[in-house]
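In this note's numbering, the protein residues as written are 642 to 799.
Glycine included, each C-beta is placed from N, C-alpha and C at the ideal position.
Computed from a predicted model, the values in this text were never measured in an experiment.
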C-alpha cells in the first residue's frame, strides 16, 4: 500500500488561503483643489487653499495688448503687498504697464527666469510666465475676484 505524506496538512493550506485574500492593493492620492480667478487689471491668481499661497501672473489678454515683452520688474521676495497696489512693471516694444497685486499678502517667491527670459510672458503667461507667489493674508479677497466667465465678459466689454 502506498502512503503519501504531506509536508503541511491540507487543512492548514486551506486556512492560509482563506486568511490572505488576494485583493489588489489600492493606493489613494491627495486631491488638491486649486482654482484661478482674475482681476479687472488683467492679472490672474491660482490659489491653493491647502497652502494659502496664490501664484500671480498677467493674463493672455494683457500680454497680447502689450506685444513683445522686453523687461519685467518683479516685487522682492518677502515684501508685503496690498490688493490693488503696484507690485511691478512690464515693458514691451509697444508700451509699459504696472502690475497690480490682485490679493494681499507676503511675496514668498518670484519667477527669477523672467529676468533672463521676459518673453516667457508672451509664450506662456498662465504657465511658465508666472510672476510671483503670495501667501494670502485674507483669502476672502481671492473669492471676490472674477471667475473665468466674468473675466471673459469684462474683456469683451473693453
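Query: For the beta strand (DSSP E) that contains residue 692, what are its first and last residues?; Result: Element bounds for residue 692: n/a, residue is neither H nor E.
Query: Just confirm the distance between the C-beta atoms of residue 773 and residue 702, as a whole number of angstroms; I'd bet it's less than 8 Å.; Result: Their Cβ separation, rounded to whole angstroms, is 19 Å, which puts residue 773 and residue 702 out of contact at 8 Å.
Query: Look at the Cβ atom of residue 708, then the Cβ atom of residue 736, and state whether they are nearer than 9 Å.; Result: yes
Query: If we count the other Cβ atoms within 10 Å of its Cβ and call it buried at 16 or more, is residue 680 buried or exposed?; Result: buried
Query: Specify whether the stretch 770-790 and the stretch 743-756 touch according to this definition: at least 3 beta carbon pairs, one from each stretch, less than 8 Å apart.; Result: yes
Query: At 3 residues or longer, what runs of the beta strand (DSSP E) sit wholly inside the stretch 696-737?; Result: 710-714, 727-733
Query: Enumerate in chain order the residues of its own chain whose CB-to-CB distance from residue 675 is below 6 Å, with the five nearest sequence positions on each side excluded.; Result: 687, 689
Query: If we count the other Cβ atoms within 10 Å of its Cβ and call it buried at 16 or more, is residue 799 buried or exposed?; Result: exposed
Query: In terms of residues, what are the limits of the alpha helix (DSSP H) holding residue 762?; Result: 761-764
Query: Evaluate residue 733 with the Cβ neighbour count: other Cβ atoms within 10 Å of its Cβ, from every protein chain shown; 16 or more gives buried, anything less gives exposed.; Result: buried
Query: Got a sec? Which residues, its chain only, sit under 6 Å from residue 790 by beta carbon, not counting five neighbours each side?; Result: none
Query: Please classify residue 727 as buried or exposed, where buried requires at least 16 other C-beta atoms within 10 Å of its C-beta.; Result: exposed
Query: Would you tell me roughly how many angstroms separate the C-alpha atoms of residue 695 and residue 758, rounded to the nearest one?; Result: 22 Å
Query: Just to check my reading of the structure: residue 767 and residue 745 have Cβ atoms closer than 8 Å, yes? What is that Cβ distance to the nearest angstrom?; Result: The pair is not a contact, with the Cβ atoms about 21 Å apart (cut-off 8 Å).
Query: Can you tell me which of the three DSSP states residue 756 falls into?; Result: helix
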